[in-house]
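Under the working numbering, think of the first position of the sequence shown as 2, with each following residue one higher. One structure is given here, and the rest of the page talks about it.
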Amino acid sequence: MEIMDNTDAVLIAGGNGTVHEVVTGLLRRTDGRPGVHQYPIGILPVGRRNTIAVNVNGVRDKHLKPYELLAECTLSAIREVLKPVDVMRIEGTKGRPVFALEEFNCGRLRDTLSVADGYWYLGAYLKPYLAFAFNTLRRLTAVEGVSISYSNSCDGCSKCYQRYEREAPGGVGLAEGPTRWWHVFMPRKGADTRGPTQPKRDLKAIHNSECGQWSTLAETGADNVLIQNTNESKLKLIIHSQPSAHRQFINDGCVYLNAEPLAVEGMSPGVQLIEAMDINIDLAEDKSGGNDGNDDQTVVDQTMDQ
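Take a look at the structure:
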């Protein structure tokens with residue numbers, strides 16, 4: 002971190018992709034863990050998709066104009082309004098890990114979302130409906146032969162304490178009080194703006210025999226597999242476990258785009274919701290040939306509080 006010794010904070014100007022690149026680059030460093038405790042990160046939303054900035058800054062009006070959103074987030078950075086958030090660590094069988102703040106998504110919904118911006122000329126309200134309507138006529142790639150295992154979520158116990166104490170660099174970063182009990186990515190500076198204090202829990206005295214226990218779902222095909230970060234010490238695994246009819250596909254896509262994060266109410270009956278701490282996904286051979294004929298394995302865990 003020599004180059005950042007005189008740095009007080011990191012300000013990112015960009016969208017979701019730029020934020021993920023910066024966070025991944027920082028946490029891939031050998032000294033990344035200590036570094037995330039030193040430099041608060043601010044986000045100026047000037048990218049194509051800015052949902053991370055919206056959620057991190059607590060913007061309630063999802064339909065703000067771009068310049069209004071930019072002004073809100075800029076003021077948050079100037080006022081040093083800080084919020085601890087969790088990070089997902091995503092590892093495959095090859096390459097280096099990737100870190101994400103929001104979600105891991107693959108399948109038909111993801112394929113449609115990747116091209117939805119191409120319908121910008123339809124306007125913000127018509128774009129999601131017509132994007133999913135048009136793509137029901139195309140043959141989109143479902144997730145075939147997927148095997149999913151996960152560990153049970155836990156609100157905090159002695160096992161959790163030991164796990165995150167081991168991962169903390171030199172014991173640094175175990176949060177106290179209302180910032181919860183593991184690593185703080187954005188350390189607070191200046192005035193304390195956390196609000197009323199919460200009763201401190203002795204996690205070492207809490208025992209949960211089911212914490213960390215793994216379960217495996219039967220191998221099957223899925224329309225879509227979505228893992229979302231909750232900032233509540235758990236991940237949400239949302240599986241579209243059966244092929245969706247055209248009407249259901251359009252409905253699910255619009256609910257996903259328009260609803261609040263993690264909302265699955267109103268989606269088709271084939272949607273399964275699971276809360277987990279760690280998730281392991283084994284994907285069968287990629288039929289498109291993009292996987293070189295080998296099985297692919299993805300591990301997603303919620304490693305720290307940002």
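Just so it is clear, CB atoms sit at the ideal spot from N, CA and C, and this is done for glycine as well.
Worksheet item: Can you pull the DSSP bridge partners for histidine 241?
Response: By one-based count along the sequence shown, residue 241 stands at place 240. Answer is Asn225, Val272, bridged to histidine 241.
Item to complete: Could you give the DSSP three-state label for tyrosine 40: helix, strand or coil?
Response: As a first step, residue 40 must be located in the sequence shown, where it is residue number 39. Of the three classes helix, strand and coil, the one that applies to tyrosine 40 here is coil, per DSSP.
Worksheet entry | Segments of 4+ residues assigned as alpha helix (DSSP H) that fall wholly inside the region 37-109 | 52-57, 67-79
Discussion item. Judging by CA-CA distance, which residue of Asp9, Thr8, Ile282 is the nearest neighbour of valine 147?
Written reply: By 1-based counting over the sequence shown, the position of residue 147 is 146. Taking only the C-alpha atoms, the option nearest valine 147 is Ile282.
Worksheet item: For alanine 101 versus histidine 38, is the C-beta distance shorter than 8 Å?
Response: Locating residue 101 in the sequence shown gives position 100, where the first residue counts as 1. Locating residue 38 in the sequence shown gives position 37, where the first residue counts as 1. Their beta carbons are not under 8 Å apart, which means alanine 101 does not touch histidine 38 by this criterion.
Fill in: Integer-rounded CB distance, given that isoleucine 280 should sit under 8 Å from leucine 236
Within the sequence shown, the letter at position 235 stands for residue 236. Within the sequence shown, the letter at position 279 stands for residue 280. About 6 Å; that satisfies the 8 Å criterion.
Practice prompt. Below 6 Å CB to CB, which residues in the same chain sit around proline 188 once its five sequence neighbours on both sides are set aside?
Written response: Working through the sequence shown from its first residue, we reach residue 188 at position 187. Note on proline 188: pLDDT 37, under 50, position unreliable in the model; no value is reported.
Fill in: Cβ-Cβ distance between arginine 90 and proline 98 below 8 Å
Numbered from its first residue, the sequence shown carries residue 90 at position 89. Numbered from its first residue, the sequence shown carries residue 98 at position 97. A contact, by the Cβ cut-off of 8 Å.
Worksheet item: Going by the CB atoms, is the gap between leucine 71 and proline 46 shorter than 8 Å?
Response: Within the sequence shown, residue 46 is the residue found at index 45, counting from 1. Within the sequence shown, residue 71 is the residue found at index 70, counting from 1. Result yes, Cβ atoms of proline 46 and leucine 71 sit closer than 8 Å.
Worksheet item: For proline 41, which option in Gly16, Cys255, Val86 has the closest C-alpha, if you only look at C-alpha atoms?
Response: Looking up residue 41 in the sequence shown gives position 40. Per the Cα distances, Val86.
Worksheet entry | As assigned by DSSP and simplified to three states, the class of isoleucine 207 | Taking the first residue of the sequence shown as 1, we reach residue 207 at position 206. In this structure, isoleucine 207 counts as coil in the three-state DSSP scheme.
Worksheet item: Does the Cβ of glycine 254 have 16 or more other Cβ atoms within 10 Å, making it buried, or fewer, making it exposed?
Response: The residue labelled residue 254 in the question sits at position 253 within the sequence shown. The residue is buried, with at least 16 neighbouring Cβ atoms inside 10 Å.
Worksheet item: Is the beta carbon of glycine 43 less than 8 Å from the beta carbon of alanine 10?
Response: The residue you call residue 43 lines up with position 42 of the sequence shown. The residue you call residue 10 lines up with position 9 of the sequence shown. Cβ distance < 8 Å, so glycine 43 and alanine 10 count as in contact.
Worksheet item: alpha helix (DSSP H) containing leucine 218: first to last residue?
Response: Position 217 of the sequence shown, counting from 1, holds the residue named residue 218. From DSSP, leucine 218 is part of no alpha helix (DSSP H); its letter is neither H nor E.
Worksheet entry | Range covered by the beta strand (DSSP E) that runs through glycine 26 | Here residue 26 refers to the residue found at position 25 of the sequence shown. Glycine 26 -> not in any beta strand (DSSP E); alpha helix (DSSP H) instead, spanning 17-29.
Discussion item. Can you check which of these residues, Gly213, Ser115, Ile149, is closest to glutamine 163 by C-alpha distance?
Written reply: Position 162 of the sequence shown, counted from the first residue, corresponds to residue 163. If we check each option's Cα against that of glutamine 163, Gly213 comes out closest.
Worksheet item: Whose C-beta lies closer than 6 Å to the C-beta of asparagine 225 among residues of the same chain, with five residues either side of it excluded?
Response: On the sequence shown, residue 225 is found 224 positions in, with the first residue counted as 1. These residues qualify, in order along the chain: Gly108, Arg109, Leu110, His241.
Practice prompt. Whole angstroms is fine: what's the gap from glycine 16's alpha carbon to valine 23's?
Written response: Translated into positions along the sequence shown, residue 16 becomes position 15. Translated into positions along the sequence shown, residue 23 becomes position 22. Straight-line Cα distance between these residues: approximately 11 Å.
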